[in-house]
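Q: I have a structure I would like to understand better, so I am pasting it below and will then ask my questions one at a time.
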Amino acid sequence: MRESFGEADSLSEMLEPTLYSIEAIAILDNDGNRILAKYYGKTFPTAKEQKAFEKNLYKKTHRANGIMAITF
Numbered sequence: 302m303r304e305s306f307g308e309a310d311s312l313s314e315m316l317e318p319t320l321y322s323i324e325a326i327a328i329l330d331n332d333g334n335r336i337l338a339k340y341y342g343k344t345f346p347t348a349k350e351q352k353a354f355e356k357n358l359y360k361k362t363h364r365a366n367g368i369m370a371i372t373f
């Protein structure tokens, strides 16, 4: 027996398509220095852009206590 989803003919018509991707993984120390980082794709192609991203990430998260996952 098929459940009714209102006016939509299928569940796929109700859901917005999404595509999440990981562009970077960075682990920073308490001072914002890189411990480990891996960048994927062409979002941060140079070391200068990577360092700027890490600095911005540290500014946004340095007051948090513990482990944090952030999406942009």
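The sequence shown begins at 302 in our numbering and counts up by one.
Beta carbons: idealized from backbone N, C-alpha and C, even for Gly.
(1) Rounded to whole angstroms, what is the Cα-Cα separation between lysine 349 and serine 322?
(2) Assuming tyrosine 359 contacts glycine 342 under a Cβ cut-off of 8 Å, what Cβ separation, rounded to an integer in Å, is found between them?
(3) If contacts are defined as beta-carbon pairs under 8 Å, then arginine 335 and alanine 327 qualify, I think. What distance do you get, rounded to the angstrom?
(4) Considering just the uninterrupted stretch of the alpha helix (DSSP H) at alanine 327, what are its terminal residues?
(5) Could you tell me if glutamate 355 is buried or exposed, where buried requires 16 or more neighbouring beta carbons within 10 angstroms of its beta carbon?
(6) From which residue to which residue does the alpha helix (DSSP H) around alanine 348 run?
(7) Tell me the DSSP bridge mates of alanine 365?
A: Taking the structure as given:
(1) Taking the sequence shown and counting its residues from 1, the one referred to as residue 349 is at position 48. Taking the sequence shown and counting its residues from 1, the one referred to as residue 322 is at position 21. Between lysine 349 and serine 322, the C-alpha separation is close to 22 Å.
(2) Within the sequence shown, the letter at position 58 stands for residue 359. Within the sequence shown, the letter at position 41 stands for residue 342. At roughly 22 Å, the Cβ-Cβ gap does not stay under 8 Å, so tyrosine 359 and glycine 342 are not in contact.
(3) Taking the first residue of the sequence shown as position 1, residue 335 is located at position 34. Taking the first residue of the sequence shown as position 1, residue 327 is located at position 26. At roughly 7 Å, the Cβ-Cβ gap stays under 8 Å, so arginine 335 and alanine 327 are in contact.
(4) Taking the sequence shown and counting its residues from 1, one reaches residue 327 at position 26. Taken as a continuous stretch (DSSP letters only), alanine 327 belongs to no alpha helix (DSSP H), being part of the beta strand (DSSP E) at 325-329.
(5) Locating residue 355 in the sequence shown gives position 54, counting from the first residue. Buried, since its Cβ has 16 or more Cβ neighbours within 10 Å.
(6) By 1-based counting over the sequence shown, the position of residue 348 is 47. Taken as a continuous stretch (DSSP letters only), the alpha helix (DSSP H) holding alanine 348 covers 348-362.
(7) In the sequence shown, residue 365 corresponds to position 64, counting from 1. The partner list for alanine 365 (beta bridge, DSSP) is empty, contrary to what the question assumes.
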